[in-house]
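Protein chains in written order, with the numbering used here: chain A, 133 to 389; chain B, 135 to 260. Glycine included, every Cβ here is placed at the ideal spot set by N, Cα and C. This structure is a prediction, so every number in the text was calculated from the model and none was measured.
In C-alpha cells:
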C-alpha cells in the first residue's frame, strides 16, 4: 500500500469514527480505533523492513570494500612479481645467448682444423706427402682427435645450459597466472561494487545483473592449490621458504631421508 | 627403465626429458597433470615417476598420495620437481612418501644426483 492511500485510509476511518461519536453511537468505535492502529503498524513495519534492507546492502558493500582494500594491497606485490618476470626472462635470454656465443667459436674451430687436416690427408692419399710431412700430419691428427673430445664436451655443456635456461617459461608462467587471478578478482570486486551502488540508486537493469555468480568476488582457487605459492619472488619470500636445494636436502636428511 | 614425467608446462617436460636422455634414460612418457598421469601409471610399465606439484586438475601431491594408496604402485619411486619451497610443504611431501624433492630452478647435476641417490637406496633395500 502506498503512503498516500494509507493516509487516505486512516483519514476515512477517522472521519467515520468522528461521525459515529457525533451521532452519540458507540457501535463500531472500538473497531475503527483498531483499524487505525493496524494501518499505523503496517506503515511502521514497512519502514523497518526498508531500514533492514538498507543495512544489509550497506554491510554487503562493506564486505566488497574490504576485499577490494585487500586486493589494492596486493597490487604492489603483483608489480614486484611482474618485474621479477621481466628479470627472469632477461636472465634466461642472456644465459641462452651466452651459451650460443661460447659454442659457436668452438664449433667453428673444430670445423676449420678438421678441414685443414682433411686437405693434408687427401694429399697423403694422393702420395704427395714426404715421410716427414706424414709424421707431422699423424701427430696433428692425434692432437685434433683428442681436442675434439674435450671441445665437444664443452659444447655439450653449453647446450645443457641453454636447455636449463628455458625453465623460465614454467617459473614465470606460474607467477603470471597468479597475477591474472588477482586481476580477475579485482574485476569481479569492481563489478560487485557497481551493481551494488546501482541497486541503491534503484537501477533495475543493474539489479538484474546482481546475480550471485556474476557479482561475487572471483572464486578463490581450490582449497589445496590456494596454499601453493609457486616460485618465490625476491623481496616477497615466504618466511618458511627454503633458500635453495641445499636447505631442502638438509631438511629431508633431518627427517631421516 | 620407463619414466613418466608429469608437469603442466610442456617446456619443463621437455627440459626434464632431455636431461634424462643425457643420463641415459631414453624411454620417457609425459602427462600434464595427476588426472592424466594416474591412468598411465595404473596401466603399468612405469618404473619411475617425476612430477611437479602445482598443477591444475590433480596436483602432484594428490598424485603421490593416489600412487601410495594403489597396491600395485606403492613401491614406485617418485621424485618431485617443483617451485613449492616452503618447509611445511617439503615435510608434507616427505610424509606422503616422496623419494626425492628438487626445488625449481634446479641444475642438471641436481637431477642426476637425486636420481642416483633414489636408485642407490632402492638397490640397498632390495
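CB contact below 8 Å: residue i versus chain B
i: residue 200/A; result: no
i: residue 350/A; result: Residue placement at residue 350/A is flagged as unreliable, the pLDDT there being 43, under the threshold of 50; the coordinate-derived value follows with that caveat. By this cut-off, residue 350/A is not an interface position.
i: residue 237/A; result: no
i: residue 363/A; result: yes
i: residue 373/A; result: yes
i: residue 360/A; result: yes
Under 8 Å by beta carbon: chain B residues contacting residue i
i: residue 376/A; result: 237
Within chain B, the residues that residue i reaches when beta carbons sit closer than 7 Å
i: residue 380/A; result: 224, 235 and 237
i: residue 389/A; result: 228
Sub-8 Å separation of residue i and residue j beta-carbons
i: residue 224/B; j: residue 380/A; result: yes
i: residue 236/B; j: residue 248/B; result: yes
i: residue 227/A; j: residue 293/A; result: yes
i: residue 217/B; j: residue 188/B; result: yes
i: residue 201/B; j: residue 175/B; result: yes
i: residue 330/A; j: residue 224/A; result: no
i: residue 212/A; j: residue 365/A; result: yes
i: residue 161/B; j: residue 136/B; result: yes
i: residue 171/B; j: residue 215/B; result: no
i: residue 252/B; j: residue 234/B; result: yes
i: residue 144/A; j: residue 171/A; result: no
i: residue 299/A; j: residue 146/B; result: yes
i: residue 151/B; j: residue 373/A; result: no
i: residue 176/A; j: residue 165/A; result: no
i: residue 197/B; j: residue 178/B; result: no
i: residue 291/A; j: residue 231/A; result: yes
i: residue 245/B; j: residue 153/B; result: yes
Proximity test, Cβ basis, 8 Å: residue i and chain A
i: residue 218/B; result: yes
i: residue 155/B; result: no
i: residue 145/B; result: yes
i: residue 161/B; result: no
i: residue 241/B; result: yes
9 Å Cβ cut-off: residues of chain A touching residue i
i: residue 214/B; result: None at all; the shortest Cβ gap to chain A is about 10 Å.
i: residue 169/B; result: Within chain A, no residue comes near residue 169/B; the closest Cβ sits about 13 Å away, beyond 9 Å.
Residues that residue i contacts on chain A, provided the C-beta gap is smaller than 7 Å
i: residue 221/B; result: 372, 374 and 383
i: residue 244/B; result: 377
i: residue 149/B; result: 295, 296, 298 and 299
Could I get the ranges of all uninterrupted alpha helix (DSSP H) runs contained in the region 216 to 304 of chain A, with 4 residues as the minimum, in chain order? 263 to 297
May I have a chain-ordered list of the alpha helix (DSSP H) segments no shorter than 4 residues that lie completely inside the region 153 to 213 of chain B? 168 to 177 and 194 to 203
Using a Cβ-Cβ cutoff of 7 Å, what residues of the region 290 to 320 of chain A are near chain B? List them in chain order. 292, 295, 296, 298, 299, 301, 302, 303, 305 and 306
Give, in chain order, every residue of the region 182 to 195 of chain B whose Cβ lies closer than 9 Å to some Cβ of chain A. 186, 187, 188, 189, 190, 193 and 195
Please list the residues of the region 212 to 239 of chain A that have a C-beta atom closer than 8 Å to any C-beta atom in chain B, keeping them in chain order. none
Of all the beta strand (DSSP E) runs that stay within the bounds of the region 164 to 218 of chain A, which reach a length of 3 or more residues? Whole beta strand (DSSP E) segments, 3+ residues: zero.
Length at least 4, wholly inside the region 219 to 250 of chain B: the alpha helix (DSSP H) runs in chain order: 221 to 229
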